[in-house]
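K.L.:
Residue numbers (our numbering): 26 to 252.
(1) I'd like the list of long-range same chain contacts for residue 193, defined as Cβ closer than 7 Å, with 5 residues on each side in sequence excluded.
(2) Going by DSSP in three states, residue 62 sits in which element: helix, strand or coil?
(3) Any idea which residues DSSP pairs residue 32 with across the strands?
(4) Is the number of C-beta pairs between the segment 75-90 and the segment 215-234 that are closer than 8 Å three or more?
(5) So, for residue 170: in the same chain, excluding its five sequence neighbours on each side, which residues have a beta-carbon less than 7 Å away from its beta-carbon?
(6) For residue 209 and residue 202, I'd like the C-alpha separation in whole angstroms.
(7) For a quick check, are the C-beta atoms of residue 30 and residue 66 less than 7 Å apart?
(8) How big is the Cα-Cα spacing for residue 185 and residue 153?
(9) Could you tell me which residues DSSP puts in a beta bridge with residue 195?
(10) Give me the residue from 98, 119, 149 with the minimum Cα distance to residue 177.
(11) Please report how far the alpha carbon of residue 233 lies from the alpha carbon of residue 204, in whole angstroms.
(12) Given this structure, state the Cα-to-Cα distance separating residue 120 from residue 102, to the nearest angstrom.
(13) For the beta strand (DSSP E) that contains residue 183, what are its first and last residues?
(14) Would residue 37 and residue 46 be called neighbours here (beta carbons separated by less than 7 Å)?
(15) Looking at residue 191: is its Cβ nearer than 7 Å to the Cβ of residue 183?
(16) If I follow the unbroken beta strand (DSSP E) through residue 73, where does it start and stop?
(17) Could you check where the beta strand (DSSP E) with residue 83 kicks off and where it finishes?
Right, dumping it as structure tokens:
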């Protein structure tokens, strides 16, 4: 079984630092993954993938991850939407041209000095929801609304066992320490102390016993010619 990652851009994880992008590619290639960058998929007919550089790959299984597109709602004017169906908002998350209609997270397109639309990940949605909740409660008390400013807490990506990359505001690291950071952040985000403890011990058990019952890794083997 061959695994190919096809990336239209010239690097993986293009929102990360160059060091993180290069390291992520190296980790994947060491795991036996064929990484193809700077190439787009033009067509797939169920058996064959046609790439923009003329190459063809034969496969029955394709996982398509080409970004996020919003969903349109009846009754909202065309002027509310961007090209990828995100709703245009002001810095208070109020949808442009509408009254009392707000959009958050992936659905919202808000421009700031450093951002032409925020990254479509969890943190912008969490921060916007927290501020909007406070703003709406404040309006009931006659207080003015506060504008939103995104605070980038950094980015993490895990590639495999002991392999991850981390770009934090004051720290950039790769490898085992980044992997521990990824585990800590995701463990912290799990709701409930009981769930945290259960997941933690499950991770520890899986790490030391190599029990990977929920996923399969297929490694390359040298084929022997018995003829």
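Each residue gets a CB set at the ideal place from its N, CA and C atoms; glycine is no exception.
For clarity, every value in this text was computed on a predicted model and none was experimentally measured.
P.N.:
According to the structure shown:
(1) By 1-based counting over the chain shown, the position of residue 193 is 168. Once the five neighbours on either side are set aside, the close Cβ partners of residue 193 are 179.
(2) What you label residue 62 is simply residue 37 of the chain shown in a count that begins at 1. If DSSP states are grouped into helix, strand and coil, residue 62 belongs with the strands.
(3) By one-based count along the chain shown, residue 32 stands at place 7. Residue 32 is bridged to 62.
(4) no
(5) Here residue 170 is taken as the residue at index 145 of the chain shown, counted from 1. Contacts found: 117, 160, 163, 164.
(6) Reading the chain shown from its first residue, position 184 is the one you call residue 209. Reading the chain shown from its first residue, position 177 is the one you call residue 202. Going by C-alpha positions, residue 209 is about 11 Å away from residue 202.
(7) If you number the chain shown from 1, residue 30 lands on position 5. If you number the chain shown from 1, residue 66 lands on position 41. No. Outside cutoff.
(8) On the chain shown, residue 185 is found 160 positions in, with the first residue counted as 1. On the chain shown, residue 153 is found 128 positions in, with the first residue counted as 1. Going from the Cα of residue 185 to the Cα of residue 153 covers about 31 Å.
(9) Numbered from its first residue, the chain shown carries residue 195 at position 170. Paired residue(s): none; residue 195 is not in a bridge.
(10) Walking along the chain shown from the start, residue 177 turns up at place 152. Of 98, 119, 149, the residue nearest in Cα terms is 149.
(11) Numbered from its first residue, the chain shown carries residue 233 at position 208. Numbered from its first residue, the chain shown carries residue 204 at position 179. Rounded to whole angstroms, the separation of the alpha carbons of residue 204 and residue 233 is 16 Å.
(12) The residue labelled residue 120 in the question sits at position 95 within the chain shown. The residue labelled residue 102 in the question sits at position 77 within the chain shown. When rounded, the distance between both Cα atoms is 11 Å.
(13) For the purposes of this step, residue 183 is taken as residue 158 along the chain shown, with counting starting at 1. Start and end: 180-185.
(14) Residue 37 sits at position 12 when you count from the first residue of the chain shown. Residue 46 sits at position 21 when you count from the first residue of the chain shown. Contact flag set, yes.
(15) Your numbering for residue 191 matches position 166 in the chain shown. Your numbering for residue 183 matches position 158 in the chain shown. Going by beta carbons, residue 191 and residue 183 fall outside the 7 Å limit.
(16) For the purposes of this step, residue 73 is taken as residue 48 along the chain shown, with counting starting at 1. Where residue 73 is concerned, the enclosing beta strand (DSSP E) stretches over 73-76.
(17) One-based indexing of the chain shown puts residue 83 at position 58. That run of the beta strand (DSSP E) goes 81-83.
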